[in-house]
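One structure is given here, and the rest of the page talks about it.
There are 2 protein chains.
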Amino acid sequence: MIKPRTPAGVMELLPAEQMTFQRLLDRIRSTFERFGFAPIETPVFELTDTLLTKSGGETERQVYFVQSTGALAEGKTPELALRFDLTVPLARYVAEHERELAFPFRRYQMQRVYRGERQQRGRFREFYQCDIDIIGKDQLSVRYDAELPAVIHAVFKALEIGSFTIQLNNRKLLRGFFNSLNLSDSEQQALILREIDKLDKRGAEAVMATLTGESFGLPATTVQTIMDFVGFRSTSREQALQQLQSLQGQDAELDEGIAELKLVIEQLNMLGVPESDYALNFSIARGLDYYTGTVYETLLDDHPGIGSICSGGRYEDLAGYYTKSKLPGVGISIGLTRLFYQLREAGLLPPSGSSTQVLLALMDERPESAAYNLRLASILRDAGINTETVFEFGKLAKQFKYADKAGIRFVAVVGDEERADGTVTLKDLQTQEQTQVQESQLVTYLQTAVQA
Amino acid sequence: MIKPRTPAGVMELLPAEQMTFQRLLDRIRSTFERFGFAPIETPVFELTDTLLTKSGGETERQVYFVQSTGALAEGKTPELALRFDLTVPLARYVAEHERELAFPFRRYQMQRVYRGERQQRGRFREFYQCDIDIIGKDQLSVRYDAELPAVIHAVFKALEIGSFTIQLNNRKLLRGFFNSLNLSDSEQQALILREIDKLDKRGAEAVMATLTGESFGLPATTVQTIMDFVGFRSTSREQALQQLQSLQGQDAELDEGIAELKLVIEQLNMLGVPESDYALNFSIARGLDYYTGTVYETLLDDHPGIGSICSGGRYEDLAGYYTKSKLPGVGISIGLTRLFYQLREAGLLPPSGSSTQVLLALMDERPESAAYNLRLASILRDAGINTETVFEFGKLAKQFKYADKAGIRFVAVVGDEERADGTVTLKDLQTQEQTQVQESQLVTYLQTAVQA
Numbered sequence: 081m082i083k084p085r086t087p088a089g090v091m092e093l094l095p096a097e098q099m100t101f102q103r104l105l106d107r108i109r110s111t112f113e114r115f116g117f118a119p120i121e122t123p124v125f126e127l128t129d130t131l132l133t134k135s136g137g138e139t140e141r142q143v144y145f146v147q148s149t150g151a152l153a154e155g156k157t158p159e160l161a162l163r164f165d166l167t168v169p170l171a172r173y174v175a176e177h178e179r180e181l182a183f184p185f186r187r188y189q190m191q192r193v194y195r196g197e198r199q200q201r202g203r204f205r206e207f208y209q210c211d212i213d214i215i216g217k218d219q220l221s222v223r224y225d226a227e228l229p230a231v232i233h234a235v236f237k238a239l240e241i242g243s244f245t246i247q248l249n250n251r252k253l254l255r256g257f258f259n260s261l262n263l264s265d266s267e268q269q270a271l272i273l274r275e276i277d278k279l280d281k282r283g284a285e286a287v288m289a290t291l292t293g294e295s296f297g298l299p300a301t302t303v304q305t306i307m308d309f310v311g312f313r314s315t316s317r318e319q320a321l322q323q324l325q326s327l328q329g330q331d332a333e334l335d336e337g338i339a340e341l342k343l344v345i346e347q348l349n350m351l352g353v354p355e356s357d358y359a360l361n362f363s364i365a366r367g368l369d370y371y372t373g374t375v376y377e378t379l380l381d382d383h384p385g386i387g388s389i390c391s392g393g394r395y396e397d398l399a400g401y402y403t404k405s406k407l408p409g410v411g412i413s414i415g416l417t418r419l420f421y422q423l424r425e426a427g428l429l430p431p432s433g434s435s436t437q438v439l440l441a442l443m444d445e446r447p448e449s450a451a452y453n454l455r456l457a458s459i460l461r462d463a464g465i466n467t468e469t470v471f472e473f474g475k476l477a478k479q480f481k482y483a484d485k486a487g488i489r490f491v492a493v494v495g496d497e498e499r500a501d502g503t504v505t506l507k508d509l510q511t512q513e514q515t516q517v518q519e520s521q522l523v524t525y526l527q528t529a530v531q532a
Numbered sequence: 081m082i083k084p085r086t087p088a089g090v091m092e093l094l095p096a097e098q099m100t101f102q103r104l105l106d107r108i109r110s111t112f113e114r115f116g117f118a119p120i121e122t123p124v125f126e127l128t129d130t131l132l133t134k135s136g137g138e139t140e141r142q143v144y145f146v147q148s149t150g151a152l153a154e155g156k157t158p159e160l161a162l163r164f165d166l167t168v169p170l171a172r173y174v175a176e177h178e179r180e181l182a183f184p185f186r187r188y189q190m191q192r193v194y195r196g197e198r199q200q201r202g203r204f205r206e207f208y209q210c211d212i213d214i215i216g217k218d219q220l221s222v223r224y225d226a227e228l229p230a231v232i233h234a235v236f237k238a239l240e241i242g243s244f245t246i247q248l249n250n251r252k253l254l255r256g257f258f259n260s261l262n263l264s265d266s267e268q269q270a271l272i273l274r275e276i277d278k279l280d281k282r283g284a285e286a287v288m289a290t291l292t293g294e295s296f297g298l299p300a301t302t303v304q305t306i307m308d309f310v311g312f313r314s315t316s317r318e319q320a321l322q323q324l325q326s327l328q329g330q331d332a333e334l335d336e337g338i339a340e341l342k343l344v345i346e347q348l349n350m351l352g353v354p355e356s357d358y359a360l361n362f363s364i365a366r367g368l369d370y371y372t373g374t375v376y377e378t379l380l381d382d383h384p385g386i387g388s389i390c391s392g393g394r395y396e397d398l399a400g401y402y403t404k405s406k407l408p409g410v411g412i413s414i415g416l417t418r419l420f421y422q423l424r425e426a427g428l429l430p431p432s433g434s435s436t437q438v439l440l441a442l443m444d445e446r447p448e449s450a451a452y453n454l455r456l457a458s459i460l461r462d463a464g465i466n467t468e469t470v471f472e473f474g475k476l477a478k479q480f481k482y483a484d485k486a487g488i489r490f491v492a493v494v495g496d497e498e499r500a501d502g503t504v505t506l507k508d509l510q511t512q513e514q515t516q517v518q519e520s521q522l523v524t525y526l527q528t529a530v531q532a
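Protein chains in written order, with our numbering: chain A, 81 to 532; chain B, 81 to 532.
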């Protein structure tokens with residue numbers, strides 16, 4: 081006998097939770113489609129050579145390699161590896177199918193990715209990413225940068241997990257700001273931003289001490305200017321635009337970033353995103369080597385500790401390793417497994433009943449009772465009502481207990497009396513109310529009830 | 081520069097095909113839910129020890145092993161392996177979560193599985209399986225065996241890929257038949273059935289020669305009886321029931337199989353499955369070691385060469401390796417990747433447009449043009465219409481070409497004239513018709529058009 085268990089670091093759900101998860105996936109997907117994104121799926125494994133072009137260090141150490149039984153026996157180097165994100169597969173996909181795709185290429189992709197993370201509560205080795213990207217050929221208007229926060233907004237409205245704020249920044253603005261302080265070395269900028277990133281954990285004093293200390297050696301006034309700058313959060317659209325205005329004219333790159341952010345904010349207004357749901361946040365940097373323009377993070381207002389639940393930004397060139405074509409893009413990613421885990425921990429998951437709406441109980445073992453239920457089940461299913469029939473006769477109390485455990489809301493009981501009357505006794509396990517419904521009215525009754 | 085390519089044996093789709101695939105997945109899923117099945121998902125990898133309990137030989141040789149970078153460097157034996165079907169993970173899942181599940185446990189699972197198949201056209205190393213199973217605790221009424229063909233029927237009606245016939249047989253009936261011929265050794269039965277399975281390929285004469293030949297040594301009359309028996313296909317419900325009746329009274333196990341098949345056929349009638357869509361076929365056996373009662377295969381009437389597109393059956397005990405509980409079940413599986421591939425080859429895929437319904441073209445580079453489109457896009461999206469806006473200005477002809485390539489049906493054009501009039505010029509790329517629609521009527525117009 082073998083103890084049945086899953087590998088460490090995976091999230092396996094019971095059916096009721098899986099339904100909730102599925103509902104989140106469905107809502108994300110339909111929102112992506114609402115904004116004109118098309119689906120793609122890529123294989124779980126890529127050729128090792130293809131996958132590991134770009135990444136060294138950390139990422140490579142977390143890669144899972146895949147080998148067939150035969151290759152393993154022969155001691156070969158693994159030819160395949162599991163994808164660790166959806167960005168590298170997207171780059172490979174776009175480069176491979178370049179001629180067959182229509183540009184700008186708007187794709188969504190919702191699949192699991194794999195990382196050999198250190199074992200730790202809340203860290204996953206297998207997790208869903210829900211990504212969208214818009215890829216241009218040679219160029220891509222900055223107007224697309226404004227479309228993505230509108231998608232983020234629509235997605236989290238649809239998920240109904242509480243109020244949130246989309247944090248906006250721009251890497252050109254960041255670089256320009258540092259240029260204006262005569263800190264134009266991009267490596268130094270990256271190191272300073274890494275320290276800024278620790279503000280929440282270490283506190284302002286400790287960070288300032290580091291930046292004025294030996295390793296950085298920045299003047300205290302410069303550090304104070306940086307701290308004031310990255311501390312900025314806008315509280316209204318008007319204030320955001322004013323702040324951008326006030327920074328203008330110090331550096332060409334800074335001005336470019338300002339212009340882009342302004343356009344994004346103006347467009348968000350036209351797209352109907354309320355000003356309460358987004359803000360400028362000049363501390364957002366997101367991996368200095370990849371993003372080149374607008375960057376996004378998204379925080380739950382009442383649970384900032386969860387961290388960013390949707391992030392992304394603008395990049396210069398998607399697939400330089402695979403094609404000579406220049407493919408600029410902008411994208412975002414939702415790490416749904418981690419989000420689901422944290423929502424569950426915080427008790428924020430929307431309650432979810434079963435997708436099954438009615439259980440037809442079995443009153444006795446006579447064939448005519450089962451036959452009656454079969455006929456009734458067909459009528460309900462044809463009307464679009466998800467219906468389960470009981471075939472294993474047992475005490476009625478046990479059947480109700482089953483429905484309750486499975487999260488099914490209605491139990492329909494038809495005994496001899498009901499059959500003679502042409503009625504159905506319907507119990508609503510949510511309200512504990514019991515109703516006598518005419519069989520001919522049952523479909524309408526249930527359709528109304530489940531839609532309410 | 082690295083040549084972008086996928087590993088051999090995977091099916092990667094372009095967006096338009098992916099949408100068709102997604103539509104098939106959606107219809108299968110909603111049908112499964114219509115019959116009261118609940119979703120589960122399991123990790124792509126299982127612990128090697130857990131996965132490889134049962135299977136030796138063929139299956140084991142096709143397994144993909146998974147190793148993190150660290151484990152690979154240390155030369156360890158892989159601790160993880162990719163699932164090669166959804167049945168072993170289901171067994172592990174049910175055993176692991178036994179106390180938390182409600183029985184009979186009705187689950188559906190639609191995920192990809194992995195097999196190191198020999199490289200060959202039409203064979204896949206990564207492919208979707210769409211499975212449902214009903215698992216009882218200690219017992220499971222044979223009535224559930226009749227529910228599954230009703231699900232198969234509803235699924236393939238929903239997929240709209242042509243007429244089909246669900247082939248029914250019963251392993252008890254098969255065994256009982258052989259018993260009645262004094263061929264009661266189950267290994268010998270298996271060997272005979274394996275020869276019978278070759279009927280289509282080798283022809284009746286060759287198979288009969290083998291069975292009467294040295295290795296089997298069966299009398300010619302016995303072989304003729306077997307051939308007559310396995311050649312039976314019912315052409316109506318009445319004839320199926322008559323044939324079952326005529327076999328009765330020769331062997332206890334045969335009689336049990338007959339009673340079960342009769343019940344299945346009677347219930348299919350009550351569930352509204354027309355007699356034209358199922359048939360008895362006494363040659364269906366399906367892996368003699370696993371199934372114990374009813375077995376199913378499904379053939380497309382006009383394309384029998386594709387082989388069974390949905391198969392399954394009744395088994396005694398799901399998870400004997402993981403739990404002492406007796407868990408009888410009945411299940412079916414659709415290999416969707418293979419089915420999709422074959423439908424595509426045969427030109428049988430239902431045509432599928434983009435999920436995006438409207439493209440809002442951009443007439444010029446003035447900000448007010450983009451602004452107008454943004455406002456219009458929000459109105460359309462709020463009304464549930466999947467809408468894409470063009471931000472990269474280019475020739476109108478190019479924008480139409482883009483919509484055509486992406487499979488988007490409607491292109492909306494709003495120039496100065498239209499703006500002054502409060503109208504939208506709408507082109508239907510399906511019919512090539514161009515219509516002038518009042519902006520206030522646009523939502524209703526499009527909703528009607530896309531639903532039609």
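Where a beta carbon is used, it is the ideal one built from N, C-alpha and C, also for glycine.
Please classify residue i: is it buried, with 16 or more other beta-carbons within 10 angstroms of its beta-carbon, or exposed?
i	result
Asp225 (chain A)	buried
Gln209 (chain A)	buried
Asn453 (chain A)	buried
Gln269 (chain B)	buried
Ala359 (chain A)	buried
Asn262 (chain A)	exposed
Leu324 (chain A)	buried
Ser314 (chain A)	buried
Arg317 (chain A)	buried
To the nearest angstrom, how far is the alpha carbon of residue i from that of residue j?
i	j	result
Thr157 (chain B)	Thr86 (chain B)	27 Å
Val493 (chain A)	Phe471 (chain A)	13 Å
Cys390 (chain A)	Arg424 (chain A)	17 Å
Leu334 (chain A)	Thr245 (chain A)	24 Å
Arg187 (chain B)	Lys281 (chain A)	44 Å
Lys507 (chain A)	Glu240 (chain A)	29 Å
Thr149 (chain A)	Thr128 (chain B)	12 Å
Ser264 (chain B)	Leu509 (chain A)	52 Å
Arg274 (chain A)	Arg107 (chain A)	35 Å
Phe112 (chain B)	Gly367 (chain A)	43 Å
Thr292 (chain A)	Phe362 (chain A)	20 Å
Phe101 (chain B)	Gly427 (chain B)	14 Å
Checking the sheet assignment: what are the DSSP bridge partners for residue i?
i	result
Leu439 (chain A)	A:Glu468, A:Val491
Glu360 (chain A)	As written in the sequence, residue 360 (chain A) is Leu, which differs from the Glu given in the question. Answer by DSSP bridge pairing, in chain order: A:Leu248.
Ala118 (chain B)	B:Arg187
Gln304 (chain A)	Paired residues: none, contrary to the question.
Ser148 (chain A)	B:Tyr144
Following the continuous alpha helix (DSSP H) through residue i, name the residue where it begins and the one where it ends.
i	result
Gln323 (chain A)	317-327
Leu534 (chain B)	The requested residue 534 (chain B) is not part of the displayed model; chain B covers only 81 to 532.
Gln347 (chain A)	332-350
Ala230 (chain A)	223-239
At which residues does the beta strand (DSSP E) containing residue i begin and terminate?
i	result
Gln209 (chain B)	206-215
Phe125 (chain B)	125-127
Leu160 (chain B)	160-162
Task: Any alpha helix (DSSP H) of 4 or more consecutive residues that is wholly inside the segment 247-287 of chain A - done: 251-260, 266-276, 279-282
TODO: Within the segment 465-530 of chain B, note down every full alpha helix (DSSP H) run reaching 4 residues or more, in order along the chain.
DONE: 476-486, 496-501
- [ ] Taking only runs that begin and end inside the segment 374-413 of chain A, name each unbroken beta strand (DSSP E) of 3 or more residues, in chain order.
- [x] Taking only runs of at least 3 residues, the beta strand (DSSP E) segments lying wholly in the segment 374-413 of chain A are 391-395.
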